[in-house]
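First residue of the sequence shown: 3, per our numbering; consecutive thereafter. Even for Gly, the Cβ is constructed at its ideal location relative to N, Cα and C. Here is the structure we will look at.
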Amino acid sequence: FFPDTAAGAPLDILLLELLPALPFLHQHVLGHASMDYSLNAALFQSWEGPLTFCIGLLFLLPLVLCNLRNWHQAGLLPSLVLSVVAGCAVVVIITLVFSTADWGLHLHHYFIALLGYLGARGNSRMASVARALCLGSLLNGIARYGDTDGLPIWTQGTGWYPPSGSIDVASKGARSQVLFTGAEIHGDQLQLSWALAKDLTAWNCSSAAGLKPTEDAVFVVEMNHIEIYRGHERSLSASLPNGSAAAERFY
């Protein structure tokens, strides 16, 4: 649908093309309120992730139904259903094969937006709004991540899940807060360093290098909820798994 401003629809381009694209063009900002969940195996760790997607689907349901109506009126709804079912079957089979190598399904938001844009057919105003929403989400993903690496739909492991942990410094005060002062990768070695805020203030430095091990504090370092260090030291050098693909699972 392309608005004909000369025919008395001067606001169509604003109401149907620009304004609907804005919310999902800033989808990362919306994620601060709804949490940044992904469609992957990790999503089902708790009920919050599926509930978030269900609420989003309810919001988009009118647009989906209107676009399905357009497909029906064009006489193409049966072929659409068959194509979707066949595509889902192929994805499920490939996912089962990949799962033997610890790879899982991971649908990025801008991959879903691309499919939604292609599926929003017709010249109705609702189809135009649906395409604008999908275009905003697609541009958000491409602009934020800078490439099309997120378009493949399989990644290693169970995938990303929003962190829910926090550092409790109330018992000892903010000066006992743990601050990371270094995080570097050299070859297959991950080098981390940290210190208490009060130590950095006392030493007038921003690095934990040179600080002696503490006697009254025990530090615990976890990567992907796996404990890799517990002790009094203020730095750590850990070996990453072989291969860049395996190493990415630690971030």
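In the assembly as shown, Gln29 is a buried residue. Its beta-carbon has 16 or more other beta-carbons within 10 Å. DSSP places His111 in the helix class (H, G or I) of the three-state scheme. Residue burial annotation: Val131 is buried, with at least 16 other C-beta atoms found within 10 angstroms of its C-beta. Collapsing the DSSP output to three states places Val220 in coil. Ser48 sits in coil when the DSSP states are folded into three classes, being neither helix nor strand. DSSP places Arg123 in no beta strand (DSSP E); its state is neither H nor E. The three-state reading of DSSP puts Gln179 in coil, since its state is none of H, G, I, E or B. Ranked by Cα distance from Tyr147, the options Ala129, His111, Gly233 are led by His111. The alpha-carbon separation between Pro80 and Asn72 amounts to approximately 12 Å. Around Val99, the same chain offers no residue with a beta carbon nearer than 7 Å, after the five sequence neighbours per side are excluded.
Comparing C-alpha distances from Val31 to each of Thr157, Ile228, Gly143 shows the shortest one belongs to Gly143.
Excluding its 5 nearest sequence neighbours in each direction, Leu238 has C-beta neighbours in its own chain below 7 Å: Leu194, Val223, Tyr231, listed in chain order. Sequence-distant Cβ neighbours of Asn69 in its own chain, meaning closer than 8 Å and more than five residues away, are Gly121, Ala122, Arg123, Gly124, Met128, Ala129, Ala132. Check the Cα spacing between His227 and each of Leu24, Ala44, Gly33, Pro25: the tightest is with Ala44. Shown here, Asn226 sits in coil according to DSSP, grouped into three states, outside any helix or strand.
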